[in-house]
Each structure stands twice: as structure tokens, then as C-alpha cells.
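Residue numbers (the numbering used here): 702 to 795. Backbone N, C-alpha and C fix where the C-beta goes; we use that ideal spot for every residue, glycine too. None of the values given here were measured: they were computed from a predicted structure. To keep things clear, I will list the structure first and then write my remarks on it.
Below, the structure is given as C-alpha cells:
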């Protein structure tokens, strides 16, 4: 089975993983995200800081669990990619 790793799971990374799933149902897709959330609406952050949006959780569009259920994509949050070895096909994390 082909494996695809997406590094970064906020807006673009989550969108890329979802699109990959729609294009190919038979690959294993994994997302690594350094922060605690995926599919986070960064564009709404000024509204949260300005207190137009009261709860930060309102900016979270998907949780890792709901993303897995909806798209069959493995998600690892709080996992920072620190080195990529393309020849060995390894990603080192912390």
C-alpha cells in the first residue's frame, strides 16, 4: 500500500489530506501537526483576540478523531517534524 505523509495539519495540510483521500481511497495518509489542533481557522484568530469570538474552540473545524472518521486519515498532533531523510523515507519527530 502506498503511504503519503502530510507535514502540517492546519488549513493547507488538512485540505491537502482530504483532497488526497477523495482522489485515492487506497493509500495510507498520515498528517503530522506540531500544534494541538488540525483544521484550525487561522483567519478567525484576530476575531478571537478582539473578543468578537469568545471561545478559541470555535475556530477548530475538525478534531483529529473526527478527521480520521470522515477521511480515514491518521493524525498526530503535538508532533513536530524535525528532519526528513528522503533516501530512507524517514521523518524524525519530536
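Cβ of residue 718 within 8 Å of Cβ of residue 780? Not closer than 8 Å, so no.
Residue 782 - DSSP class collapsed to helix/strand/coil: Strand.
Can you list the beta strand (DSSP E) stretches of 3 or more residues lying completely in the region 710-766, in chain order? Taking only runs of at least 3 residues, the beta strand (DSSP E) segments lying wholly in the region 710-766 are 729-733, 739-741, 761-763.
Have a look at residue 789 and residue 754 and give me their C-alpha separation to the nearest angstrom. Rounded to whole angstroms, residue 789 to residue 754 spans 45 Å at the Cα level.
Output yes or no for whether 8 Å exceeds the beta carbon distance between residue 793 and residue 784. Closer than 8 Å, so yes.
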